[in-house]
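Worksheet: one structure, shown below.
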Amino acid sequence: MTAVSLLCIAILRVCSSISFVVASTEADKTTDCITTVVGVVDTGLCVPGHRDHSMRNTVMNPQPPSLCLDDDDCLACLSLCLVDSHDARSLSGEEKTHHVTDRKQPRLKEGLPDCTRYSSWNRLRYTTARVLQFIELCRANTQRVNYKRTKKSALKDPDWKRTNKKLKTRQKIRVELEETLEVRPVSAELIRKAEDLFMRTVQEESFPNEVESIKDGKSFTRNSRLKQLSIECAERALRVRSRINAAEQLSTPSKNPMILDRNHHTVKLWIIAMHRTRHHTGVEATVNECRQHYWILRLRPVTRTLFPQCLRCRIRAAIPPHPRTGDLPACRLAHHQRPFTYTGVDYFRPLTVTVGRSQQKRYVAVFTCLTVRTIHLEIATSLSTDSVIMNLRRMKARRGQPAQIWSDNGTNLRGADNELRQAMDRATSSPSSLAQQAA
């Protein structure tokens, strides 16, 4: 075993502790003559056994004397240089733990935005499309051909004036910057690609064991949620196998929809977006729209739970609260009073009657007791004030004098009230005139 191999073994043993010690010796030796003759950069290692010092004058850079030894001297030097890893840890007093994760394929989630930070599916999809657009622009820049500069520069030609060059091209550079900084629109292809990436990420997070089983050609376990479904792997995703593959006019997502989990946040955002796309229709219409794109496990229950999150649907389905009812007036609670002590009066629609050979209108005045809710009907020939007063006199003759009469603000009723008040004022002011009128 040569000294070079021994030195390599020593380096491998001490790499874990990264501890090296330089041992000095009294021997004054130089670097390997072979490396100096060839003319390459000196590595600082020598080959033992070559003691020809006739080419010392050709040595470019003399090295420390400890790096050129015999076989025995090299072994002795290595015995001093080697430090056990346990001793190195005891000297440093520090232990470091390194975790290494080996993964066959990179996960899609690492390159996508965090879906839990978004409350809108359209905004999440648009943001992801912007990220994909940025990646495409970066790839285009790396694939661009770079041409060598042929013009003079300030370093090679002192007479070249950088300031004059800037003044001449300032306007041109400003126009180019305005053109390059223009915001580019997001294409529909990028939006569809962003949606496909997110749905594949949902499958990787929701059904990791099923995805591995499909790739390895194995069957699902007994506890798998997809055990009762006919599954196939198409377009790098798990899809439900259907019987309408012969339909040429339908797309692949319609014939073989992708399987998704209802508990994922991205799926819930997508269901709410479909509900808004259908103009806030009911549960069944939203489920029908979702089935045309993806196969979501237990879609109908999760759709019912997401409906209360829609503000417009909550406003439309809200039941208006019942207002507080006021207290009843005292006339409605008058006990131990005869009927019609507190009376309410109103008129309803006219009735056509035949008088001789002509037809005339007759109205009905309804008197109701406000306490016991009994009614008394009187026929009125017209809606005049005189007709109201005559109806009151007939009701009074039959039911007795009422203490209060309640009515609306009809013109005839207001006129009858004014007439009765004026009559009461004249009677109370001059009793003699009232007796004369009675006579």
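Going letter by letter, the sequence shown gives residues -17 to -1, 1 to 422 in mature numbering (1 follows the signal peptide of the UniProt record, and there is no 0).
Note that the Cβ used here is the ideal one computed from N, Cα and C, for glycine as well.
Terminal residues of the beta strand (DSSP E) in which residue i lies
i, result
"Ala363", "358 to 363"
"Cys352", "341 to 352"
"Ala217", "214 to 217"
"Ile242", "241 to 243"
"Thr337", "325 to 338"
"Ala220", "220 to 223"
"residue 423", "The displayed coordinates of the chain run from -17 to 422. Any statement about residue 423 would go beyond what the structure contains."
"Gln387", "387 to 389"
"Ile279", "277 to 279"
Integer-rounded CB distance, given that residue j should sit under 8 angstroms from residue i
i, j, result
"Arg261", "Thr269", "6 angstroms"
"Thr288", "Val266", "Thr288 to Val266, Cβ: 10 angstroms. No contact."
"Thr354", "Ala317", "5 angstroms"
"Thr99", "Phe181", "With a Cβ gap of about 13 angstroms, Thr99 and Phe181 do not count as contacting."
"Pro312", "Thr357", "No, Pro312 and Thr357 are not in contact; Cβ-Cβ is about 18 angstroms, not under 8 angstroms."
Beta-carbon contacts of residue i that lie in its chain and below 8 angstroms, excluding the five residues immediately before and after
i, result
"Asn228", "Lys238, Asn239"
"Lys198", "Cys216"
"Glu402", "Thr368, Ile372"
"Ser202", "Ser196"
"Ala399", "Thr368, Val371, Ile372, Leu375"
"Arg167", "Gln116"
"Leu209", "Phe190, Glu193, Phe203, Leu221, Ile242"
"Ser62", "Low confidence applies here, because Ser62 scores a pLDDT of 43, under 50, leaving its location unreliable; read the following figure in that light. Once the five neighbours on either side are set aside, Ser62 has no close Cβ partner at all."
Beta-carbon contacts of residue i that lie in its chain and below 6 angstroms, excluding the five residues immediately before and after
i, result
"Trp278", "Val223, Pro240, Ile242"
"Ile17", "For Ile17, the pLDDT reaches just 43, beneath the cut-off of 50, and the residue's location in the model is therefore unreliable, although a value from the coordinates is still provided. Around Ile17: no qualifying Cβ."
"Thr411", "none"
"Glu272", "Met257, Arg261"
"Ser390", "Val328, Leu396"
"Ser103", "none"
Neighbourhood of residue i by C-beta distance below 7 angstroms, restricted to the same chain and skipping five residues each side
i, result
"Met378", "Phe350, His359, Glu361"
"Pro236", "His276"
"Thr335", "Gln342, Lys344"
"Val384", "The amino acid at residue 384 is misidentified as Val; the sequence shows Gln. Cβ within range, chain order: n/a, list empty."
"Asn105", "Ala256"
"Arg219", "Arg183"
"Val250", "Val185, Leu243, Asp244, Ile279"
"Pro333", "Lys344, Arg345, Tyr346"
"Ala230", "Lys238"
"Met407", "none"
Check whether residue i and residue j have beta carbons under 9 angstroms apart
i, j, result
"Leu221", "Val194", "yes"
"Arg174", "Tyr101", "Correcting the residue type first, residue 174 is Ile in the shown sequence and not Arg. No, the pair does not count as a contact, with Cβ atoms beyond the cut-off."
"Tyr330", "Gly393", "yes"
"Arg226", "Val169", "no"
"Arg397", "Thr326", "no"
"Cys314", "His263", "no"
"Arg245", "Pro284", "yes"
"Ala348", "Ala363", "yes"
"Leu95", "Thr204", "no"
"His247", "Glu178", "no"
"Asn395", "Leu375", "no"
"Leu115", "Lys176", "yes"
"Thr324", "Cys352", "yes"
Boundaries (first-last residue) of the alpha helix (DSSP H) holding residue i
i, result
"Arg404", "394 to 412"
"Phe290", "Taken as a continuous stretch (DSSP letters only), Phe290 belongs to no alpha helix (DSSP H), as it is neither H nor E."
"Val166", "No alpha helix (DSSP H) holds Val166; DSSP gives it neither H nor E."
"Lys184", "Here residue 184 is Thr; the residue named in the question, Lys, does not match the sequence. Segment 171 to 189, the alpha helix (DSSP H) holding Thr184."
"Asp369", "368 to 382"
"Val270", "266 to 274"
"Ala256", "248 to 260"
"Asn235", "In the sequence on display, residue 235 carries Thr and not Asn. Thr235 -> alpha helix (DSSP H) spans 235 to 238."
Given 8 angstroms as the limit, is there contact between the stretch 279 to 299 and the stretch 245 to 262, that is, 3 or more CB pairs closer than that? yes
So does the stretch 336 to 353 actually touch the stretch 296 to 304, counting three or more Cβ pairs closer than 8 angstroms? no
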